[in-house]
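Structure first, then comments.
There are 2 protein chains.
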Amino acid sequence: MNRTKDFALRERALKVIPNGMYGHQSVRILPASFPQFFGMAEGAYIWDVDGNRYLDYMCGYGPSLLGYKDERVEAAAREQAQIADTLTGPSPLMVELAETLVEMVDHADWAMFCKNGTDATTMAMTSARAQTGKRVVLVAKGAYHGAAPWCTPIPAGTLAEDRAHLRIYEYNDVASLEAAAAEAGDDLAAIFASPFRHDAFIDQEAPKRAYAQRARELCDEAGAMLIVDEVRAGFRLARGSSWTELGVQPDLSAWGKCFANGHPISALLGSDSCRDGAGSIYATGSFWLSAVPMAAAIETLRIIRESDYLEHMERLGARLREGLDIAAKKHGFALRQSGPVQMPQIMFADDPDFRVGYAWAEEMLARGFYMHPWHNMFLCAAMSEADIEETIVAADDAFAALADRLDEIPPHPIMTALAAATV
Amino acid sequence: MNRTKDFALRERALKVIPNGMYGHQSVRILPASFPQFFGMAEGAYIWDVDGNRYLDYMCGYGPSLLGYKDERVEAAAREQAQIADTLTGPSPLMVELAETLVEMVDHADWAMFCKNGTDATTMAMTSARAQTGKRVVLVAKGAYHGAAPWCTPIPAGTLAEDRAHLRIYEYNDVASLEAAAAEAGDDLAAIFASPFRHDAFIDQEAPKRAYAQRARELCDEAGAMLIVDEVRAGFRLARGSSWTELGVQPDLSAWGKCFANGHPISALLGSDSCRDGAGSIYATGSFWLSAVPMAAAIETLRIIRESDYLEHMERLGARLREGLDIAAKKHGFALRQSGPVQMPQIMFADDPDFRVGYAWAEEMLARGFYMHPWHNMFLCAAMSEADIEETIVAADDAFAALADRLDEIPPHPIMTALAAATV
């Protein structure tokens with residue numbers, strides 16, 4: 286696959302960007318053949334700067350829910366851009382969007398808008414502390430809640446004090462959660478939980494009902510706030526709060542990524558139980574109330590309510606899981622497929638340093654399918670049944686190629702180290 | 286002035302947003318007549334939701350540098366939106382934009398992009414700590430560096446630990462700066478400084494050369510990083526680093542607000558002295574590498590380089606300051622005008638609780654001029670000489686009206702409390 290322009294850009298980037306790239310979209314710990322720079326996107330597809338096309342199973346790491354450049358959403362954004370965007374105050378769309386989310390998300394009585402998922406999770410923490418007057422916040426081990434000093438998975442440049450009064454529990458482990466809450470005692474401000482366990486490098490886990498309900502109870506007993514971090518999974522599991530199906534309502538929920546289909550906006554939603562706390566904190570940003578992303582959000586949420594985007598993604602995801610499983614077995618591979626089918630995690634059994642997963646991702650990439658070897662993936666509503674069938678056919682071919690060279694796959698040096706540190 | 290729609294929106298907002306509004310654009314501590322919601326913007330003008338038009342001296346609190354909906358910038362954004370925006374990786378525009386900023390900003394050898402000004406200042410702090418392995422960060426008393434737990438001006442919901450190892454000095458006071466650095470001893474990681482003292486509620490101050498140079502020296506002596514927070518003033522004082530004219534180059538600078546003329550993007554720029562530190566931290570966000578704001582930034586920066594936008598704003602600002610001063614004196618008022626003329630702060634002598642300033646801002650608002658009684662304002666390049674002359678004529682009229690009712694002006698209850706707490 287031609288990488289001429291990609292490599293030229295990487296060389297230029299190395300000069301003017303530390304390491305040439307940063308953050309979650311860096312390909313530094315992806316297979317060597319993965320492109321770093323992209324030139325175009327349309328629907329379910331992305332094109333790298335060298336013109337190679339891929340069916341994108343990352344969807345921008347989540348933001349593309351309806352597909353890139355969904356014409357309905359883009360039309361709403363364009364129309365608003367002709368009126369106003371970033372102003373000296375909010376537009377009426379702020380109120381309309383808050384009303385829309387309050388209507389759609391069961392627990393929500395109010396909304397506050399921001400830009401990053403990290404803004405929303407940080408505001409959730411601060412609001413909970415302000416509401417309760419308490420300090421301790423419980424987070425699940427390995428869970429990602431953003432990149433601020435208090436939650437970044439890589440602590441370089443942060444201080445021990447940035448994580449003061451954070452306590453760790455094991456997701457889905459009631460005893461562990463109870464022990465952490467007991468340790469917090471009278472000082473428990475909040476419990477954080479993801480809608481499901483979508484940590485990198487591991488099999489994903491659905492939330493156990495007993496865990497979710499116990500988290501709610503422990504918060505009620507301690508006068509603490511239950512926070513569900515919906516940034517990654519929100520509106521990919523349900524048309525509202527992801528834990529409604531478990532019968533559990535949080536006090537606060539953090540949203541981001543996809544509810545404006547790629548336009549930059551995130552939100553903290555809350556119940557009246559935390560309205561005073563949220564109203565007392567200072568949270569702001571230059572672009573938080575910009576009108577264009579709000580117009581895009583209102584249209585995206587309309588489509589979420591009125592279309593079968595979710596059932597469509599679920600159907601495609603179920604077919605993909607089944608088809609990949611059959612194809613893998615045919616060639617002697619055992620896949621570890623986990624997570625909701627529309628947010629699949631695909632890894633290989635007996636692959637502790639991910640070398641087989643990396644090699645398979647490279648085989649798939651070479652065939653025009655962008656898949657991730659250790660991060661949950663995302664389906665989008667613009668994917669078609671034909672896309673999925675083509676993926677399965679390509680996978681069959683990729684597994685065959687992989688079987689042929691299984692003994693010669695080299696380990697990925699960074700991944701070997703990471704796997705050792707993480708598992 | 287009709288406020289029917291504004292008040293109706295406020296009532297709806299009260300239900301679905303804590304306090305009905307939050308952050309720096311809340312009118313809660315502005316004069317009672319100020320509108321909260323805006324419907325439209327064009328060039329130098331904004332229209333509130335009831336259709337009243339104002340010449341906007343806040344420019345969105347900074348983002349509008351060339352005027353709202355500058356057609357050159359909007360065309361670049363629209364064109365990119367037809368190609369791609371938020372993707373699974375960056376577009377080539379990321380490299381082009383980094384190269385552009387490195388070219389324009391003297392001290393910068395590299396760039397990292399983000400969304401909020403707070404992202405950039407927080408990454409500056411974290412990068413400095415990572416680079417130096419030290420902890421203490423000096424910030425000027427009353428300076429605004431964002432709304433994260435470590436820097437928010439309103440500490441509700443934050444912990445004492447969030448400000449661990451922060452030390453306060455007085456802006457422009459060399460002895461105070463030296464004392465704070467001495468107290469930090471071997472543990473000094475960074476000194477933060479704004480390009481000029483643009484704190485709310487007080488007269489603005491230009492940086493003294495001795496202060497800026499001593500900050501640089503103290504950093505050099507301690508192996509610490511000098512950080513200039515350009516988020517508010519960047520590209521309104523110079524076409525590059527604001528302290529170049531003082532002969533002082535920082536190691537890091539934080540940028541935001543206006544360099545994409547209202548499109549959401551901010552940046553941390555750095556010298557090679559802090560490349561390793563910045564390269565070691567984890568900083569990321571779902572929309573940080575989106576291509577549309579980068580296209581808008583590249584076009585805005587081109588106009589910054591190629592047009593006389595800065596000299597134009599300076600000319601207008603000088604005329605405004607002179608005209609307002611004369612008009613005020615004519616009616617017996619002494620103005621305290623401070624700050625760079627293109628970022629004016631306008632307050633009244635002998636007005637400790639801001640009641641005169643508030644009343645004057647209301648008189649100006651009623652005449653179609655949106656001015657702020659205690660926050661620095663912003664001129665933009667879309668303002669014309671006629672706009673300024675009209676402002677001065679209106680001001681003459683407003684001062685006359687104000688003189689007539691000077692003895693009857695009520696104090697603003699929140700401002701009275703704030704002024705007492707702040708001064």
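Those sequence lines, one after another, are chains D and U. According to the numbering used here, the residues represented by the first sequence are 286 to 708, in order. According to the numbering used here, the residues represented by the second sequence are 286 to 708, in order. Yeah, the Cβ is synthetic: ideal placement off N, Cα and C, and Gly gets one too. Note that the structure is predicted; figures quoted are calculated from it, not measured.
When the Cβ atoms of the region 651-669 of chain D are set against those of the region 340-352 of chain D, are three or more pairs found closer than 8 Å?
Contact holds between the region 651-669 of chain D and the region 340-352 of chain D, because three or more Cβ pairs, one in each stretch, are under 8 Å apart.
Mind checking who residue 424 of chain D pairs with in its DSSP beta bridge?
In DSSP, residue 424 of chain D forms a bridge with D/453.
What residues in the region 356-382 of chain U have a beta carbon less than 8 Å from any beta carbon of chain D?
Against chain D - using a Cβ distance shorter than 8 Å - the residues of the region 356-382 of chain U are 359, 362, 363, 366, 367, 368, 369, 370, 371, 372, 373, 374, 375, 376, 377, 379, 380.
Look at the alpha carbon of residue 335 of chain D and the alpha carbon of residue 535 of chain U, and state the distance between them as a whole number of angstroms.
Whole-angstrom Cα-Cα distance: 38 Å.
Report yes or no: is there a C-beta of chain D within less than 8 Å of the C-beta of residue 439 of chain U?
Closer than 8 Å: yes.
Unbroken beta strand (DSSP E) run spanning residue 512 of chain D, endpoints:
Counting along the chain, the beta strand (DSSP E) containing residue 512 of chain D begins and ends at 510-514.
Put residue 445 of chain D into one of helix, strand or coil per three-state DSSP.
Secondary structure of residue 445 of chain D (DSSP, three-state): helix.
Let me know if residue 286 of chain D comes out buried or exposed under the rule of 16 or more other beta-carbons within 10 Å of its beta-carbon.
Within a 10 Å sphere around the beta-carbon of residue 286 of chain D sit fewer than 16 other beta-carbons, which makes this residue exposed.
Given a threshold of 16 other Cβ atoms within 10 Å of its Cβ, counted over all protein chains shown, does residue 636 of chain D qualify as buried or as exposed?
Counting the other Cβ atoms within 10 Å of the Cβ of residue 636 of chain D gives 16 or more, which makes it buried.
Note down, in chain order, every chain D residue with its Cβ under 8 Å from the Cβ of residue 483 of chain U.
Ordered by position in chain D, no residue passes the 8 Å Cβ test against residue 483 of chain U, which lies about 14 Å from the chain.
For chain U, is any of its Cβ atoms less than 8 Å away from the one on residue 711 of chain D?
Nothing about residue 711 of chain D can be read from this structure; chain D reaches only from 286 to 708.
The region 408-417 of chain U touching the region 535-544 of chain U, judged by at least three CB pairs closer than 8 Å
Yes, the region 408-417 of chain U is in contact with the region 535-544 of chain U.
How would you label residue 281 of chain U, buried or exposed, when you count the other beta carbons within 10 angstroms and need 16 or more for buried?
Here chain U comprises residues numbered 286 to 708, so residue 281 of chain U is not present and cannot be evaluated.
Could you give the first and the last residue of the continuous alpha helix (DSSP H) run that contains residue 395 of chain U?
It is not in any alpha helix (DSSP H) - residue 395 of chain U instead sits in the beta strand (DSSP E) that spans 395-399.
Would you kindly check if the distance between the Cβ of residue 310 of chain U and the Cβ of residue 714 of chain D is under 8 Å?
With chain D covering 286 to 708 only, the question about residue 714 of chain D has no answer from this structure.
Can residue 606 of chain U and residue 622 of chain U be called in contact, C-beta distance under 8 Å?
Closer than 8 Å, so yes.
Helix, strand or coil for residue 643 of chain U per DSSP?
Reduced to three states, the DSSP call for residue 643 of chain U is helix.
Here's the rule I'm using: 16 or more other beta-carbon atoms within 10 Å means buried, otherwise exposed. How should residue 699 of chain U be labelled?
By the neighbour-count rule (16 or more Cβ atoms within 10 Å), residue 699 of chain U is not buried but exposed.
Should residue 453 of chain U and residue 567 of chain D be called a contact, given that it needs their Cβ atoms to be closer than 8 Å?
Contact flag unset, no.
What residue range is occupied by the uninterrupted beta strand (DSSP E) comprising residue 632 of chain D?
In this chain, the beta strand (DSSP E) harbouring residue 632 of chain D covers 630-633.
How about residue 686 of chain U: is its Cβ closer than 7 Å to a heavy atom in the ligand FAD?
With respect to the ligand FAD, the structure shown offers nothing to examine, as it has no ligands at all.
Chain-ordered neighbours of residue 304 of chain D on chain U, where CB pairs are closer than 8 Å:
The contacting residues are 564.
Checking contacts by CB at 8 Å: is residue 407 of chain D closer than that to chain U?
Yes, residue 407 of chain D lies at the interface with chain U (some Cβ there is under 8 Å from its Cβ).
Burial state of residue 676 of chain U, where buried means 16 or more other Cβ atoms lie within 10 Å:
So residue 676 of chain U ends up on the buried side.
Residue 500 of chain D and residue 531 of chain D - do their beta-carbons sit closer together than 8 Å?
Not closer than 8 Å, so no.
Close beta carbons around residue 708 of chain U, own chain, < 6 Å, minus the five adjacent residues each side
Model confidence at residue 708 of chain U stands at a pLDDT of 46, short of 50, so the residue's coordinates are unreliable; what they give is reported in the following sentence. Take residue 708 of chain U, set aside five residues on each side of it, and no residue of its chain has a beta-carbon closer than 6 Å to its own.
So with CB distances below 8 Å, who are the chain D contacts of residue 348 of chain U?
371, 571, 572, listed in chain order.
Check whether chain D comes within 8 Å of residue 331 of chain U, counting only Cβ atoms and requiring the distance to be less than that.
Among the residues facing chain D, residue 331 of chain U is included, as its CB has a counterpart in that chain under 8 Å away.
Among D/509, D/511, D/612, D/482, the one whose alpha carbon lies nearest that of residue 629 of chain D:
The residue with the shortest Cα to Cα distance from residue 629 of chain D is D/482.
On the premise that residue 372 of chain D lies in contact with residue 576 of chain D, defined as a C-beta separation below 8 Å, what is that separation, rounded to the nearest angstrom?
For a cut-off of 8 Å, the C-beta gap from residue 576 of chain D to residue 372 of chain D is around 7 Å, short enough to register as a contact.
Which of the three DSSP states is assigned to residue 232 of chain D in this structure?
The requested residue 232 of chain D does not occur in the structure, where chain D is confined to residues 286 to 708.
Between the C-alpha atoms of residue 429 of chain U and residue 409 of chain U, what's the straight-line distance to the nearest angstrom?
About 14 Å.
Could you please tell me which residues of the region 617-643 of chain U, in chain order, have their CB closer than 9 Å to any CB of chain A?
Absence of chain A from the displayed structure is noted, the protein chains being D and U.
To which residues does DSSP link residue 350 of chain U through a beta bridge?
Answer is none; residue 350 of chain U lacks a bridge partner.
Whose C-alpha, out of U/302, U/674, U/473, is nearest the C-alpha of residue 574 of chain D?
Closest option to residue 574 of chain D, Cα to Cα, is U/302.
Would you mind stating whether residue 632 of chain D and residue 646 of chain D have Cβ atoms separated by less than 8 Å?
No, Cβ-Cβ distance for residue 632 of chain D and residue 646 of chain D is not below 8 Å.
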